[in-house]
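In the working numbering, the protein residues as written are 22 to 500. Reviewing the structure listed below.
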């Protein structure tokens, strides 16, 4: 054991309460619902079930990306309308069968989307939203279309988004009055409609909005018992880690710390600590927070027998783990319905003509997040690179790097941190420009049974050189 590890002080808070659903404790019970995972508002109310691998669920992405392989991802609006309705509306997405809309993003005119006109969403033949897009993202409609479930370009640095989960049982269609130029829509389909609720646009979801508005500031519940644990933080199962809290000694930087975690004897996390928490800087998000000497991760981490947590690079780090010993997830690991937490880290120089590789792995699994730091020229043209995910042969092709993080125009309002997306750091050093960004995937997580490959272009057609580091967060088998 290294001197660094020997110097670490560790403690473990073991929660004996069933169904702790997060730092604020949104209601949850100890039973596992359908293996497809949370649907509707349970996306936020049952974050404890994020590790479920979502059998029978398929991710889809509609976007305005340039089908010719160039960079016209919305500048001319060439690829923004699938077709026109008889009334002349622009059809962005249409699907039959059961599913759920989970994330919608737009930009144009430096983030001013007034010229797009009305956004109309029809579910199962019902019109659940029909209002000017700018009013929607400004929060003028009120709950559930309220911040931070919606955000305008001022809050999301150049882009606008809607993250209200909208399930449907038979059909969905999304249209705009005029060509929206840049957009992407993340939605998923289900093999069957069993248990899929109807979306109610009048639901005020005060509990969800309160939780999101407190993102990154949550405190652990007072109930529980404190145990002393040997250096290296070896935990005995079965249990699910609901929180890891790190306290750094004075005068140290989180950028020097590296986190490794082995679940049931297999290491699945080996990455810079800051990368698992949003990449650096000040982060106040739903699943991670960092700033000053304190850093916290709220990723659910189930294990059956043991979990060993180590922090290298800094001596004297205090680590606390909040455990749910009534969690149903360890049993779901045994049946293959749930996965272990993984953090896959890469760092290096980009290569001309080749995408930056984020993750390439066999299934089954569930992609739930990405944090990245990108260094390129001061022009920031490296951000023109599209995001590309191929999950079991299905292509999810986005429109640009800052668009993936749901900003726009090279994050033209500057750094920001929100519950599910952020650009916490932007720096310039001489001729170099450095951007750090994160995006956590909840309802829009990407399940895969056979294989997933996740890459980014670095600039238009991989023609801008840079230095990148990326950490993909996902759930899957330990081996």
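Ideal Cβ positions, reconstructed from N, Cα and C, are used throughout, including at glycine.
Between residue i and residue j, what straight-line distance do the alpha-carbon atoms span, to the nearest angstrom?
| i | j | result |
| --- | --- | --- |
| residue 327 | residue 354 | 13 angstroms |
| residue 142 | residue 334 | 50 angstroms |
| residue 156 | residue 380 | 37 angstroms |
| residue 297 | residue 417 | 23 angstroms |
| residue 495 | residue 318 | 14 angstroms |
| residue 228 | residue 372 | 46 angstroms |
| residue 349 | residue 325 | 11 angstroms |
| residue 479 | residue 407 | 8 angstroms |
| residue 96 | residue 85 | 10 angstroms |
| residue 314 | residue 438 | 18 angstroms |
| residue 410 | residue 461 | 15 angstroms |
| residue 4 | residue 306 | Given that the chain is displayed from residue 22 to residue 500, the structure contains no residue 4 and the question cannot be resolved. |
| residue 491 | residue 367 | 5 angstroms |
| residue 403 | residue 56 | 39 angstroms |
| residue 415 | residue 369 | 28 angstroms |
| residue 279 | residue 289 | 13 angstroms |
| residue 194 | residue 470 | 27 angstroms |
| residue 140 | residue 174 | 16 angstroms |
| residue 182 | residue 170 | 8 angstroms |
| residue 172 | residue 163 | 12 angstroms |
| residue 285 | residue 493 | 21 angstroms |
| residue 332 | residue 489 | 23 angstroms |
| residue 311 | residue 235 | 14 angstroms |
| residue 347 | residue 70 | 13 angstroms |
| residue 160 | residue 150 | 13 angstroms |
Given that a residue counts as buried once 16 or more other Cβ atoms are within 10 Å of its Cβ, and exposed if not, what is residue i?
| i | result |
| --- | --- |
| residue 452 | exposed |
| residue 131 | exposed |
| residue 231 | exposed |
| residue 67 | buried |
| residue 263 | buried |
| residue 271 | exposed |
| residue 440 | buried |
| residue 497 | buried |
| residue 299 | buried |
| residue 43 | With a pLDDT of only 39 at residue 43, under 50, the local geometry of the prediction cannot be trusted, and no value is derived from it. |
| residue 266 | buried |
| residue 107 | exposed |
| residue 104 | exposed |
| residue 128 | buried |
| residue 61 | buried |
| residue 435 | exposed |
| residue 421 | buried |
| residue 356 | exposed |
| residue 215 | exposed |
| residue 94 | buried |
Among the candidates the options, whose CA atom is the shortest distance from the CA of residue i?
| i | options | result |
| --- | --- | --- |
| residue 138 | 414, 165, 158 | 158 |
| residue 446 | 363, 336, 301 | 301 |
| residue 120 | 112, 67, 220 | 220 |
| residue 467 | 389, 479, 444 | 389 |
| residue 292 | 84, 281, 346 | 281 |
| residue 237 | 497, 493, 443, 481 | 443 |
| residue 382 | 500, 283, 330 | 500 |
| residue 126 | 419, 497, 433 | 419 |
| residue 75 | 473, 172, 101, 464 | 464 |
| residue 100 | 107, 225, 88 | 88 |
| residue 115 | 94, 81, 136, 134 | 81 |
| residue 385 | 304, 64, 73, 61 | 73 |
| residue 118 | 105, 103, 145 | 145 |
| residue 257 | 123, 152, 148, 344 | 344 |
| residue 392 | 149, 204, 477 | 477 |
| residue 259 | 295, 352, 60 | 352 |
| residue 330 | 347, 287, 312 | 287 |
| residue 433 | 401, 412, 122, 93 | 401 |
| residue 255 | 340, 224, 102 | 340 |
| residue 122 | 168, 185, 90 | 185 |
| residue 223 | 134, 83, 187, 294 | 187 |
| residue 225 | 166, 375, 309, 133 | 166 |
| residue 413 | 475, 377, 450 | 475 |
What do you reckon, is the C-beta of residue i under 7 angstroms from a heavy atom of the ligand GTP?
| i | result |
| --- | --- |
| residue 485 | The ligand GTP is absent from the structure shown, which contains no ligands of any kind. |
Validate contact between the segment 203–221 and the segment 274–282 using beta carbons, cut 8 angstroms, 3 pairs | No: the two stretches stay apart, fewer than three of their Cβ pairs being nearer than 8 angstroms.
Segment contact flag, the segment 481–489 with the segment 393–400, C-beta cutoff 8 angstroms, min 3 pairs = By the Cβ test, the segment 481–489 is in contact with the segment 393–400, since at least three Cβ pairs between them sit closer than 8 angstroms.
Touch check for the segment 421–433 and the segment 173–188: three-plus C-beta pairs under 8 angstroms?
-> With a cut-off of 8 angstroms, the segment 173–188 and the segment 421–433 count as touching, because enough Cβ pairs lie within range.
Meets three-Cβ-pair contact criterion under 8 angstroms: the segment 356–375 and the segment 453–473 | The segment 356–375, when compared against the segment 453–473, does not touch it at the 8 angstroms Cβ threshold.
Determine contact between the segment 190–203 and the segment 100–116, defined as no fewer than three beta-carbon pairs at a distance below 8 angstroms.
-> Verdict: yes, contact present.
Minimum length 3: unbroken beta strand (DSSP E) runs contained in the segment 387–475 = If only uninterrupted beta strand (DSSP E) runs of at least 3 residues are considered, those enclosed by the segment 387–475 are 408–412, 415–418, 442–450, 453–461, 467–469.
If you scan the segment 302–349 from start to end, which runs of the beta strand (DSSP E) of 3 or more residues do you find wholly inside it?
-> DSSP runs (the beta strand (DSSP E)) wholly in the segment 302–349: 309–312, 315–318, 322–324, 327–333, 339–345.
Unbroken alpha helix (DSSP H) runs of length 4 or more, entirely within the segment 133–205: which are they?
-> Those alpha helix (DSSP H) runs which fall completely within the segment 133–205 and span 4+ residues are 154–158.
Segments of 3+ residues assigned as beta strand (DSSP E) that fall wholly inside the segment 108–134 = Secondary structure within the segment 108–134: the beta strand (DSSP E) runs of 3 or more consecutive residues, fully enclosed, are 111–117, 120–128 (chain order).
Complete runs of the alpha helix (DSSP H) confined to the segment 52–109 [at least 4 residues] = Within the segment 52–109, the complete alpha helix (DSSP H) runs of at least 4 residues are 63–66.
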